[in-house]
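Chemist: Quick note, the sequences are listed as chains A and B, same order. So the first sequence is numbered by the numbering used here: it starts at 1 and just counts up by one. So the second sequence is numbered by the numbering used here: it starts at 1 and just counts up by one.
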Amino acid sequence: MNTARSAPAGSNHGWPRRWFNAWIARRGPTRPPLTLRYRQIFILPTRFGWIFGALMFAMLMGSLNFNNNLGLLTTFIVAGLASNSMLIAYRNLDRLRIAHTGATPVFAGQTAELLISLVGNSPRSRPGLELALGDHERIVSVAAHGVAEVKLPLATSHRGWLQPGRCRIQTCQPIGLFRAWSWFWPERPILVWPQPAVNPPPLPEGNGHQNGMRNQPETDGEEFFSLRDWREGDALHRVAWKASQRHDTLLARDLRQPRSQDLHLDLARTPGEDAERRISVLTAWVLIAYQQQRQWTLRLGPETLGPGRDEDHLQRCLRALAELP
Amino acid sequence: MTPSISFNAVAWTIAAFLVAALPHLTAMPPWLAVVVVGACAWRLALARRQGGPPPAILRLLLTGMAIAMIVIAFGGLWGRRTATALLCVMLAAKMMEMFSVRDLRLVASVSFFLIATQFLFSERLLYLGYLVIGSMTATIALVRIQDMHAQPSGEAPGAQAGAIRSATALLLMALPVALALFVLFPRLAQPLWGLPEQVMDGRSGLSDDMSPGSISNLFLDDSPAFRVEFEGPPPPASERYWRGPVLWNFDGTTWTSPFFSDAPRGQFVPEGQRARRYSVQLEPHERRWLFALDYPITAPDNATVTIDHQVLNRHPITTLSRYELTSNPDFVDMPQLPDGARSLALRLPEGRNPRTLALAAELRQRHAEDRELITAVLGWFREEAFFYSLSASPLGRHGADEFLFELRSGYCEYYASAFAILMRAAGIPTRIVTGYQGGLWQEGSDYLLVRQSDAHAWTEVWLQGQGWTRVDPTAAVSPNRIERGARSVIDRPGAVFNLDWVERLRNRYDRIQHLWNRWVLGFDHERQRDFLQRLGLPNLSPERIALLMLVVLLLVSAPISYFLLRQVQPTASSPVERAWRKVLKRLRRLNLAKGPAETPLEFADRVERTRPECGALFRPLAEMYCQIHYGGRTDQGGAFLQQARQFSPRKP
């Protein structure tokens, strides 16, 4: 595996951040599966908590000064309320299990969704858990003995393995005075496939070894394969007008290249001004080949994948393309 | 992300505010209260249809108008009532921009503050209910606001009931901490800052002047003025004269205090034979007066005794206060009267009350001796058709003439004033003392309840050899007023409330109130010291008390924390299940914990592998448990229980 990139709030923000992250790591496990305990749970008053504290102080001073015992009692009840709310905020995270994190691969530029699954691990429900990664935040509740899943969006820009940065799980239950929180890092990096080229050149037909660049359209030679729904971009002459009329919807003729079943896709023979562009074109080709259910072989320098036409083969190819140096 | 504001959270927040503001609303001008409630109703209606805030310029304008209303309503005077009314009105104005979690939380938490400020005005037992309901509503509001924040996509049914439950639990569990703090939090022996007298907003009570004929509501006010506990038996009714301001100056209509009324007393008052010790629990009246029986020996802390034997506190009494006094009733006040004092005590305004002056001259001719003259006047009051009545009639320029020769019906102030004028005209130095007289002895609870309606005015004449001597002309007219209290002579309208049982109920309530005052409100610096002394912790410095408080707080919060944070185990349903748990617990003590995903038999395998001698004992148990649990062999239950009881693995 190649070096994984770091996403927002990652670890390469200078030594204070690194030192701090290392300190967190020393306190307990930081990657799922993990169970939050007191060594990993932090707690501080929220901004509202500080305001509330100032209000309590004003009540205390006023009541003390006038020796007003009912005023003092009110103040102390409010103080008890605050201290209980601190305990409950902590309890809401205590023994919560972050079972695993994961994400399905996406193409660069798309938004990945980091899936975090939480196990309540308690006969009490855990309401108002706020999960945050970068600028994105999601709120979730875990029922008693229940499990919950949260999807946190994560923007991607480059192909390769993306290591999402520090995730935060926090709660301000029950009345928003205290914030209890904990940090963890997703257990696995996310695979980001290369971005497929928007307007790729046509597939290299025939024997890739001889004629990888052959690309003139041979509309005459195309053979009718099947009817399918009309898609934007289909040429007008492909529309099956009679069939469309029968079905009250636009149908297009799907055409197949009958002569050469096998496609030979080679990075070295792919057009494009630079390596990334070529990878991008290759990605698009692989996708088109898979879509057209054709058998293809992918050659990336010394490595050769295939031939194959199924989803597994596609996944392998995309992963290999993503991992290219 | 900003969740949308739910109607329910807004409703609870407004409820919290209104409950907290209720006593304040009743104290402010009604039209202002209507404005505050109207703002809340408008916000509620707006929340119902999920409306947005009004434009900023309108908000600013309305807020400015609200402040102007306060200025109009309170005439620009700044006092505590004005401050709390301003707080209420500003919160009502806040309704216009209460559209975020932050604003809602602010209003809900200021409700607690509003509750606390109400206790500056009254701490009666009744307000305990207000405290409970108010803090409950505010807590529910805070929980609902958090719910709204935590469940932005709408919430599960039953969330409302859940919020009420969790708010109740939060408050109930706050009580132990609150009580520990209440008992042990160091109190101030002296206030950090006092309120200047002019910020006081007049409360019912005595005033520092007296003009007979002015409307006085005091006699119809049944609220308690103070309560007294005596060491030993209480004094007889005829000696229960509670001394307040002493008035020397008379301008024809109004009696006022002399310039020296605040001067400290020079005379030494010995303890005497019949010294009376008592402690007084004084309701706040916003003046500096402490009431005492004649004549207080020393002043309590932070107070002085004036030249007229009035006890003056350094600061106005703004909360329920307690003080202890000793009085010597046999003290002779000023055996020699200085000339300055004599002339002041004889001064009368020119050209007033000619008939009274004539009467005084006539009496003086008949009685050369002062005492005889006084007896004759009191006899005249008693025998002529003078009546005691609470109905006030305004008096004109010759007030004493009108009263003595025409009206002949009035309350203590009329008699005291007319009598004093008569005495001064006859050449006897006289001054007027105001205060309270009498009080209701609460049998069983052993304290004397003095109400506002017991307010009284009497005179003191200076006699050769006796010094200042108390003469109460009202006693001559209406002995019942003195012997049985003001309530026995009241001829008030709406006599329904004079029913006996209502009276008894009121007295019973006052006894509870008294206990409340004594143990809760009166728990001050001294009481705290006494309490700790009784616990065997005498003479603790404030730092030590603070330390003790921290220790007790830890002790109190430990079980609460345990209760809150303990891992709740699903309750075991059957004896077999309970026994199985115990077996597992014993193994856990040996660092052999059954994993959550491990079956009993898998676990037994593991035990056998790590601790063979233990496994040999455990495996039959695990097998039996599985058979009972999964094989339906309930007949093995008894045997399982027996073996489980005997299972006691040892540490190697």
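Just so it is clear, CB atoms sit at the ideal spot from N, CA and C, and this is done for glycine as well.
Taking Cβ to Cβ, would you say Tyr630 (chain B) is nearer than 7 Å to Pro600 (chain B)?
Modeler: Stepping through the second sequence from its first residue, residue 630 (chain B) is reached at position 630. Stepping through the second sequence from its first residue, residue 600 (chain B) is reached at position 600. It is not a contact, given that the beta carbons lie outside the stated cut-off.
Chemist: Need the endpoints of the alpha helix (DSSP H) that Thr283 (chain A) sits in, please.
Modeler: Within the first sequence, numbered from 1, the residue matching residue 283 (chain A) stands at position 283. Segment Ala275 to Gln291, the alpha helix (DSSP H) holding Thr283 (chain A).
Chemist: Whole angstroms are fine: how far does the CA of Leu321 (chain A) sit from the CA of Gly301 (chain A)?
Modeler: On the first sequence, residue 301 (chain A) is found 301 positions in, with the first residue counted as 1. On the first sequence, residue 321 (chain A) is found 321 positions in, with the first residue counted as 1. So the alpha carbons of these two residues sit roughly 11 Å apart.
Chemist: Between which two residues does the beta strand (DSSP E) holding Ser63 (chain A) run?
Modeler: Position 63 of the first sequence, counting from 1, holds the residue named residue 63 (chain A). It is not in any beta strand (DSSP E) - Ser63 (chain A) instead sits in the alpha helix (DSSP H) that spans Arg47 to Asn65.
Chemist: Can you find the residues in the same chain that come closer than 8 Å, C-beta to C-beta, to Gly202 (chain B), ignoring five residues on each side of it along the sequence?
Modeler: Translated into the one-based positions of the second sequence, residue 202 (chain B) becomes position 202. Because the pLDDT of Gly202 (chain B) is 47, which lies under 50, any placement of that residue in the model is unreliable, and the number read from its coordinates should be weighed accordingly. Excluding residues within five positions, the ones whose Cβ falls inside 8 Å are Glu286.
Chemist: Check whether the Cβ of Asn84 (chain A) sits closer than 6 Å to any heavy atom of the ligand FMN, and report yes or no.
Modeler: In terms of ligand content, the structure shown is empty, and the ligand FMN therefore cannot be addressed.
Chemist: Going along chain A, which residues have a C-beta under 9 Å from Ile145 (chain B)?
Modeler: Position 145 of the second sequence, counted from the first residue, corresponds to residue 145 (chain B). Going along chain A in sequence order, the residues near Ile145 (chain B) (Cβ under 9 Å) are Ile175 and Gly176.
Chemist: Can you tell me whether DSSP reads Leu318 (chain A) as helix, strand or coil?
Modeler: Taking the first sequence and counting its residues from 1, the one referred to as residue 318 (chain A) is at position 318. Note: Leu318 (chain A) maps to helix in three-state DSSP.
Chemist: Is DSSP giving Ser327 (chain B) helix, strand or coil here?
Modeler: Sequence index remark: in the second sequence, residue 327 (chain B) carries index 327 (1-based). Ser327 (chain B): strand per DSSP, three-state reduction.
Chemist: Does the structure place the region 183 to 191 of chain B close enough to the region 260 to 280 of chain B that three or more beta carbon pairs sit under 8 Å?
Modeler: Too few Cβ pairs lie closer than 8 Å, so no.
Chemist: Grouping DSSP H, G and I as helix and E and B as strand, with all else coil, what is Val101 (chain B)?
Modeler: Stepping through the second sequence from its first residue, residue 101 (chain B) is reached at position 101. Of the three classes helix, strand and coil, the one that applies to Val101 (chain B) here is helix, per DSSP.
Chemist: Nearest-angstrom Cα distance between Pro575 (chain B) and Phe603 (chain B)?
Modeler: Position 575 of the second sequence, counting from 1, holds the residue named residue 575 (chain B). Position 603 of the second sequence, counting from 1, holds the residue named residue 603 (chain B). Each residue's alpha carbon lies about 21 Å from the other.
Chemist: May I have the straight-line CA-CA distance separating Pro217 (chain A) from Trp161 (chain A), to the nearest angstrom?
Modeler: The count along the first sequence starts at 1 and reaches residue 217 (chain A) at position 217. The count along the first sequence starts at 1 and reaches residue 161 (chain A) at position 161. The predicted position of Pro217 (chain A) is uncertain, since its pLDDT is 41 and thus under 50; no value can be drawn from it.
Chemist: In terms of residue numbering, what span does the alpha helix (DSSP H) encompassing Arg544 (chain B) cover?
Modeler: Position 544 of the second sequence, counting from 1, holds the residue named residue 544 (chain B). Arg544 (chain B) -> alpha helix (DSSP H) spans Pro542 to Leu565.
Chemist: Using the Cα positions of Gly272 (chain A) and Leu318 (chain A), report the straight-line distance between them to the nearest angstrom.
Modeler: In the first sequence, residue 272 (chain A) corresponds to position 272, counting from 1. In the first sequence, residue 318 (chain A) corresponds to position 318, counting from 1. Distance between the alpha carbons of Gly272 (chain A) and Leu318 (chain A): 18 Å.
Chemist: With 9 Å as the limit, tell me which residues of the region 78 to 89 of chain A have their beta carbon closer than that to any beta carbon of chain B; keep them in chain order.
Modeler: Those residues of the region 78 to 89 of chain A that come within reach of chain B (Cβ to Cβ, closer than 9 Å) are Val78, Ala79, Gly80, Leu81, Ala82, Ser83, Asn84, Ser85, Leu87 and Ile88.
Chemist: At the 7 Å Cβ level, is Arg91 (chain A) part of the contact set with chain B, yes or no?
Modeler: Taking the first residue of the first sequence as 1, we reach residue 91 (chain A) at position 91. Yes, because at least one Cβ of chain B sits closer than 7 Å to the Cβ of Arg91 (chain A).
Chemist: Note the first and the last residue of the continuous beta strand (DSSP E) segment covering Val228 (chain B).
Modeler: For the purposes of this step, residue 228 (chain B) is taken as residue 228 along the second sequence, with counting starting at 1. Looking at the DSSP string, the run of the beta strand (DSSP E) that includes Val228 (chain B) is Pro224 to Phe230.
Chemist: Keeping to the same chain, check which residues put their C-beta closer than 8 Å to that of Ala376 (chain B); ignore five residues upstream and five downstream.
Modeler: For the purposes of this step, residue 376 (chain B) is identified with residue 376 of the second sequence, where counting begins at 1. Only Leu363, Arg366 and His367 meet the Cβ criterion.
Chemist: Closer than 7 Å by beta-carbon distance: list the chain B residues that pair up with Arg39 (chain A), in chain order.
Modeler: Counting from 1 along the first sequence, the entry for residue 39 (chain A) is found at position 39. Chain B residues near Arg39 (chain A): none, gap ~15 Å exceeds 7 Å.
Chemist: Measuring alpha carbon to alpha carbon, tell me which of B:Thr459, B:Val101 and B:Ala425 ends up nearest Glu350 (chain B).
Modeler: Mapped onto the second sequence, residue 350 (chain B) falls at position 350. Among B:Thr459, B:Val101 and B:Ala425, the Cα nearest to that of Glu350 (chain B) belongs to B:Ala425.
Chemist: Between the Cα of Ile190 (chain A) and those of A:Leu96, A:Thr46, A:Gln110 and A:Ile139, spot the shortest distance and give me the residue it belongs to.
Modeler: Indexing the first sequence from 1 puts residue 190 (chain A) at position 190. When each option's Cα is compared against that of Ile190 (chain A), the closest is A:Gln110.
Chemist: Going by other Cβ atoms of all chains shown within 10 Å of its Cβ, with 16 needed for buried, is Asp339 (chain B) buried or exposed?
Modeler: Numbered from its first residue, the second sequence carries residue 339 (chain B) at position 339. With fewer than 16 Cβ atoms within 10 Å of its Cβ, Asp339 (chain B) is classed as exposed.
Chemist: Within the continuous beta strand (DSSP E) that includes Trp241 (chain A), where are the two ends?
Modeler: By one-based count along the first sequence, residue 241 (chain A) stands at place 241. Careful: Trp241 (chain A) lies outside any beta strand (DSSP E), inside the alpha helix (DSSP H) at Trp241 to His247.
Chemist: Measuring CB to CB, does Phe7 (chain B) end up less than 7 Å from Ala47 (chain B)?
Modeler: Against the second sequence, residue 7 (chain B) aligns to sequence position 7. Against the second sequence, residue 47 (chain B) aligns to sequence position 47. Taking 7 Å as the Cβ cut-off, Phe7 (chain B) and Ala47 (chain B) qualify as a contacting pair.
Chemist: With 7 Å as the threshold, decide whether the Cβ of Ser135 (chain B) is near any Cβ in chain A.
Modeler: Taking the first residue of the second sequence as 1, we reach residue 135 (chain B) at position 135. Yes, contact with chain A.
Chemist: If the cut-off is 8 Å on Cβ atoms, which residues from the region 112 to 130 of chain B count as contacting chain A, listed in chain order?
Modeler: Residues passing the 8 Å Cβ filter: Phe112, Phe113, Ile115, Ala116, Thr117, Phe119, Leu120, Glu123, Tyr127 and Leu128.
Chemist: Quick one: what's got a C-beta closer than 7 Å to Pro127 (chain A)'s C-beta in the same chain, skipping five residues either side?
Modeler: Locating residue 127 (chain A) in the first sequence gives position 127, counting from the first residue. Closer than 7 Å at the Cβ level, and outside the excluded window around Pro127 (chain A), lie Ser141 and Gln173.
Chemist: For the beta strand (DSSP E) holding Asp262 (chain A), just list the boundary residues, first then last.
Modeler: Residue 262 (chain A) sits at position 262 when you count from the first residue of the first sequence. Its beta strand (DSSP E) spans residues Asp262 to Asp266.
Chemist: Can you say whether Gly80 (chain A) is buried or exposed, counting buried as having 16 or more other CB atoms within 10 angstroms of its CB?
Modeler: For the purposes of this step, residue 80 (chain A) is taken as residue 80 along the first sequence, with counting starting at 1. With 16 or more other Cβ atoms within 10 Å, it is buried.
Chemist: Within 10 angstroms of its Cβ, does Trp458 (chain B) collect 16 or more other Cβ (buried), or is it exposed?
Modeler: Within the second sequence, residue 458 (chain B) is the residue found at index 458, counting from 1. So Trp458 (chain B) ends up on the buried side.
Chemist: Under a CB-based cut-off of 7 Å, is Ala524 (chain B) close to chain A?
Modeler: Position 524 of the second sequence, counting from 1, holds the residue named residue 524 (chain B). One point to set straight first is that residue 524 (chain B) is Asp, not Ala, in the sequence displayed. Asp524 (chain B) counts as touching chain A.
Chemist: Near Pro542 (chain B), which residues of its chain fall below 7 Å by C-beta distance, leaving aside the five closest residues on each side in sequence?
Modeler: Along the second sequence, one-based indexing puts residue 542 (chain B) at 542. Cβ neighbours of Pro542 (chain B) beyond the five flanking positions: Pro186.
Chemist: Could you list which residues in chain A have their beta carbon closer than 7 Å to that of Phe182 (chain B), in chain order?
Modeler: The residue given as residue 182 (chain B) occupies position 182 in the second sequence. Going along chain A in sequence order, the residues near Phe182 (chain B) (Cβ under 7 Å) are Leu72, Leu73 and Phe76.
Chemist: By how many angstroms is the C-alpha of Gly306 (chain A) removed from the C-alpha of Gln293 (chain A)?
Modeler: As a working mapping, residue 293 (chain A) is identified with position 293 in the first sequence. As a working mapping, residue 306 (chain A) is identified with position 306 in the first sequence. Distance between the alpha carbons of Gln293 (chain A) and Gly306 (chain A) is about 14 Å.
Chemist: If we call anything under 7 Å between Cβ atoms a contact, is Ala275 (chain B) one with Thr326 (chain B)?
Modeler: If you number the second sequence from 1, residue 275 (chain B) lands on position 275. If you number the second sequence from 1, residue 326 (chain B) lands on position 326. Yes, the Cβ-Cβ distance between Ala275 (chain B) and Thr326 (chain B) is below 7 Å.
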